[in-house]
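*Asks:* Everything in the sequence shown is counted per our numbering, starting at 5 for the first residue and increasing by one.
Ideal Cβ placement from N, Cα and C applies to all residues, glycine included.
This one's a predicted model, so the numbers in the text were calculated from it and none came from an experiment.
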Amino acid sequence: MILFFVAFTASVASAADIYVGPGETYTSIQGAVNNASAGDIIIVRDGTYNENVLVNKSLTVQSENGTANCIVTASSSSDHVFNVTADYVNISGFTATGATGFPKAGIYLNSADHCNISGNNASNNYFGIYLSSSNNNNLTGNNASYNDDFGIYLSSSNNNNLTGNIASYNDDNGIYLHSSNNNNLTGNNASYNDECGIYLYSSSNNTLSNNTCKYNQNSGIYLYYSDFTTIGCDVTNNGDPDYEGYNIRIMYSDNVIIDDVIVDEPIQGEASSCPFLYTWNGEGFEFVNEI
5 MILFFVAFTA
15 SVASAADIYV
25 GPGETYTSIQ
35 GAVNNASAGD
45 IIIVRDGTYN
55 ENVLVNKSLT
65 VQSENGTANC
75 IVTASSSSDH
85 VFNVTADYVN
95 ISGFTATGAT
105 GFPKAGIYLN
115 SADHCNISGN
125 NASNNYFGIY
135 LSSSNNNNLT
145 GNNASYNDDF
155 GIYLSSSNNN
165 NLTGNIASYN
175 DDNGIYLHSS
185 NNNNLTGNNA
195 SYNDECGIYL
205 YSSSNNTLSN
215 NTCKYNQNSG
225 IYLYYSDFTT
235 IGCDVTNNGD
245 PDYEGYNIRI
255 MYSDNVIIDD
265 VIVDEPIQGE
275 ASSCPFLYTW
285 NGEGFEFVNE
295 I
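1. What's the gap between the Cα of Ala-19 and the Cα of Ser-230?
2. Leaving aside the five residues before and after Asn-147 along the sequence, list all residues of the same chain whose C-beta is less than 6 Å from its C-beta, in chain order.
3. Can you tell which of Val-48, Asn-73 and Val-37 has its C-alpha closest to the C-alpha of Leu-58?
4. Find the nearest neighbour of Tyr-23 within the set Thr-89, Asn-259, Arg-49 and Asp-244, judged by alpha-carbon distance.
5. What do you get for Ser-149, buried or exposed, if any count of 16 or more other CB atoms within 10 angstroms of its CB means buried?
6. Within the present structure, is the beta-carbon of Asn-140 separated from the nearest heavy atom of the ligand ADP by less than 6 Å?
7. Is the beta carbon of Asn-177 less than 7 Å from the beta carbon of Asn-197?
8. Please give the ranges of any beta strand (DSSP E) in the segment 168-240, keeping only runs that are unbroken, at least 3 residues long and fully inside the region.
9. From Asn-259 to Ile-33, what does the alpha carbon distance come to, in whole angstroms?
10. May I have the straight-line CA-CA distance separating Gly-168 from Ser-137, to the nearest angstrom?
11. Establish whether the CB of Asp-21 and some CB of chain C are separated by less than 7 Å.
12. If you measure between the beta carbons of Gly-132 and Gly-97, is that distance less than 7 Å?
13. Who are Ala-19's beta bridge partners in DSSP?
14. Going straight from the alpha carbon of Phe-106 to that of Asn-129, what length do you get?
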């Protein structure tokens, strides 16, 4: 026990704060990452950095004074701004922009688990924030708006928490989950998107609570082959008539619980996907009607 305590203390003590910016040892974020050890904290001074940053170690990478003062623009638009391939990475306080090539993102997690992505502005990319086969991560307080496709995209990514993010004014869906299960979406705002606010495709056992989905052209919330979903959100004023959109639209999805929802029209389904079961404010229904 004593030996373990000594080893743990030594490990913590060896973590270093590394500063990036003019006049510092490292003037690029990538240079600091390359020379850091796992557990180090990289603090980026105010400025604009033209880089594509690969984070392949368990590090904390944070701006000194927030998104308005620390902008990372992709030096190559055909690569991610931040590409995270290690577990236990924290990235916070950056504007990450310029990754406009398909399928690149402002912040990309590739098979990366237990990461914290918080307080970033991931806008004007192809995807804002993109998780691929990445589990048990926290996305908190980010702004993923004005992107060419999805604001926040989860692909084959499970047990993640998306809390207090903004995913609005994107050219496709605000938040899109594909083959991603057991995720919690809480207090996010996915509004004014060209398609759906929140779209779940082949994604089950997800919980959507206290999210706001308004003025999306297609639907506020769209479930497609996504069973055992719990919805409790403010979903109003969605659906441009030209898109045949709705506030809440369900297709081929069973055992959906809809509770504590603010909505200005009934739930919508399609006959081809019926019957399916859902619960509205504690009362069970079997949906058998066409839109």
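*Replies:* Reading off the structure:
1. 43 Å
2. Asn-125 and Ile-170
3. Val-37
4. Arg-49
5. buried
6. Looking at this structure, you won't find the ligand ADP or any other ligand, since it has none at all.
7. yes
8. 179-182, 188-190, 202-205, 211-218, 225-228 and 234-240
9. 47 Å
10. 22 Å
11. Protein chains in the displayed structure number just one, and chain C is not present.
12. no
13. Looking at the DSSP assignment, Ala-19 forms no beta bridge with any residue, so it has no partner.
14. 9 Å
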